[in-house]
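*Asks:*
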Amino acid sequence: MRKYLMAGNWKMNLVPSEAKKFAEDLVKSIKDLDKDVEVMICPSFVCLPAVKEAIKGSIIKLGAQNMNENEKGAFTGEISADMLLDIGVEYVLLGHSERRHIYKETDQLINKKVKYALAKGLKPVLCIGELLEEREAGKTDEVNRRQLVEGLKDVSANDMANVVIAYEPVWAIGTGKVATPEIAEETQANCRKVLSDLYGQTIANNVTIQYGGSVTDTSVDGLMSQKNIDGALVGGASLKLDAFTRIAKFNKV
Ligand code: PGA
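The numbering of the sequence shown is my numbering, which starts it at 3 and goes up by one.
See below:
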């Protein structure tokens, strides 16, 4: 059985004191959550220690937004897997569209990060998704297949138990244009088919595939009612306590 993973990506928002307060409030607001739902927040690096403290003893998981692919050394401004592990981080977002498009991260670099995270015992959330022009050119499945195949290159079948995929169409991120449940479902079913081609049906069936891109408290139920949508990666709405609480408490319709 796949687990549901409802995650907030806070991006470059909230200072540590604000992040700590938000996390404390979230702990209270999701206390009565369903047992098979996991909730995660991904604050900026400098907020991780304060948030870790705030969520202690709760069901909330801690994720980072990025990670360097090297062990340590002269990489000014970068953050290593060991640094994240020492704070108690469990997940790490890799290949987010803002990393791919603003910071020009390639599939090859993202693949190195995925493998390094797994080797270190961090759970990567591999983010994939097509640009608007790629969707309009009919290349959606080709782009997502490439990002999956390249991003997961040399990742073993055993390690797939610790990998989460986040399908985030770039045209839906931060734009208010959420994909319809049907479009998201069709694309994510095709992503699962790629996983099945790579690892077989049984392993593919156990991989959590999140949808991301303008998810709100009003769109979450329709999305989460789809067969191949196992969670959400939420930006904007994860910065609002009420909205994110409602997202974590989604209902299947
Ligand atoms: P959004 O961001 O919910 O603000 O569209 C999603 C993401 O970038 O993960």
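Virtual Cβ for every residue (Gly too), placed ideally from N, Cα, C.
Just so we're clear, the structure is a prediction, and the values are computed from it rather than from any experiment.
Among Thr142, Tyr213, Glu40 and Glu26, whose alpha-carbon lies nearest the alpha-carbon of Glu2?
*Replies:* As shown, the chain starts at 3 and ends at 255. That puts residue 2 outside it, with no answer to give.
*Asks:* By DSSP, does Gln149 sit in helix, in strand, or in coil?
*Replies:* Looking up residue 149 in the sequence shown gives position 147. Helix.
*Asks:* With a cut-off of 8 Å on the beta carbons, I'd call Leu235 and Ala9 a contact; round off their distance for me.
*Replies:* By 1-based counting over the sequence shown, the position of residue 235 is 233. By 1-based counting over the sequence shown, the position of residue 9 is 7. That belief holds up - the Cβ atoms of Leu235 and Ala9 are roughly 5 Å apart, short of 8 Å.
*Asks:* Going by the C-beta, is Gly214 closer than 7 Å to any heavy atom of the ligand PGA?
*Replies:* Residue mapping note: residue 214 aligns to position 212 of the sequence shown, counting from 1. Yes, the ligand PGA has a heavy atom inside 7 Å of this Cβ.
*Asks:* Taking the alpha carbon of Ile175 as the reference point, which residue from Lys13, Ser82, Ile211 and Ala21 has its own alpha carbon closest?
*Replies:* Here the question's residue 175 lines up with position 173 in the sequence shown. Ranking the options by Cα distance to Ile175, first place goes to Lys13.
*Asks:* Is any non-hydrogen atom of the ligand PGA found closer than 7 Å to the C-beta of Asn253, if you look at the structure I gave you?
*Replies:* Counted from its first residue, the sequence shown places residue 253 at position 251. Answer for Asn253: no, Cβ out of range of the ligand PGA.
*Asks:* Any chance the CB of Ala239 is under 7 Å from a heavy atom of the ligand PGA?
*Replies:* Within the sequence shown, numbered from 1, the residue matching residue 239 stands at position 237. Result yes, Cβ under 7 Å from the ligand PGA.
*Asks:* Alpha helix (DSSP H) containing Leu111: first to last residue?
*Replies:* Translated into positions along the sequence shown, residue 111 becomes position 109. From DSSP, the alpha helix (DSSP H) with Leu111 extends over Asp109 to Lys122.
*Asks:* Can you check the region 196-227 for any alpha helix (DSSP H) of at least 4 residues that lies completely inside it and give the ranges in chain order?
*Replies:* 203-208 and 222-226
*Asks:* So, with DSSP's three-state summary, where would you put Asn164?
*Replies:* Counting from 1 along the sequence shown, the entry for residue 164 is found at position 162. Helix.
*Asks:* The ligand PGA heavy atoms versus the CB of Gly97: any closer than 7 Å?
*Replies:* The residue labelled residue 97 in the question sits at position 95 within the sequence shown. Checking every heavy atom of the ligand PGA against the Cβ of Gly97, none is found closer than 7 Å.
*Asks:* Mind checking whether the beta-carbon of Leu64 lies closer than 7 Å to any heavy atom of the ligand PGA?
*Replies:* The count along the sequence shown starts at 1 and reaches residue 64 at position 62. Taking 7 Å as the cut-off, one finds no heavy atom of the ligand PGA near enough to the beta carbon of Leu64.
*Asks:* Under 7 Å Cβ to Cβ from Ala206, same chain only, skipping five residues before and after it: list those, please.
*Replies:* Within the sequence shown, numbered from 1, the residue matching residue 206 stands at position 204. Counting only Cβ-Cβ distances below 7 Å, and skipping sequence neighbours, we find Arg194, Leu197 and Ser198.
*Asks:* Suppose contacts are defined by Cβ-Cβ distances below 8 Å. Is Glu107 in contact with Arg101 by that definition?
*Replies:* Here residue 107 corresponds to residue number 105 of the sequence shown, with the count starting at 1. Here residue 101 corresponds to residue number 99 of the sequence shown, with the count starting at 1. The answer is yes: Cβ separation under 8 Å.
*Asks:* So, do the region 71-88 and the region 25-41 have three or more beta carbon pairs nearer to each other than 8 Å?
*Replies:* In this structure the region 71-88 does not lie against the region 25-41, because fewer than three pairs of beta carbons, one per stretch, are closer than 8 Å.
*Asks:* So is Val180 in contact with chain D if we call contact Cβ pairs under 8 Å?
*Replies:* Checking the listed chains, one finds no chain D in this structure; it contains a single protein chain.
*Asks:* Just to confirm the assignment, what range does the beta strand (DSSP E) spanning Leu95 have?
*Replies:* In the sequence shown, the residue the question calls residue 95 occupies position 93. Where Leu95 is concerned, the enclosing beta strand (DSSP E) stretches over Tyr93 to Leu96.
*Asks:* Grab the span of the beta strand (DSSP E) containing Ser172 for me, first residue to last.
*Replies:* Within the sequence shown, the letter at position 170 stands for residue 172. Strictly speaking, residue 172 in this sequence is Val, with Ser absent from that position. Unbroken run through Val172: none, as it is neither H nor E.
*Asks:* Taking just the CA atoms, how far does Ile61 sit from Asp84?
*Replies:* By one-based count along the sequence shown, residue 84 stands at place 82. By one-based count along the sequence shown, residue 61 stands at place 59. In a straight line, the C-alpha of Asp84 is about 23 Å away from that of Ile61.
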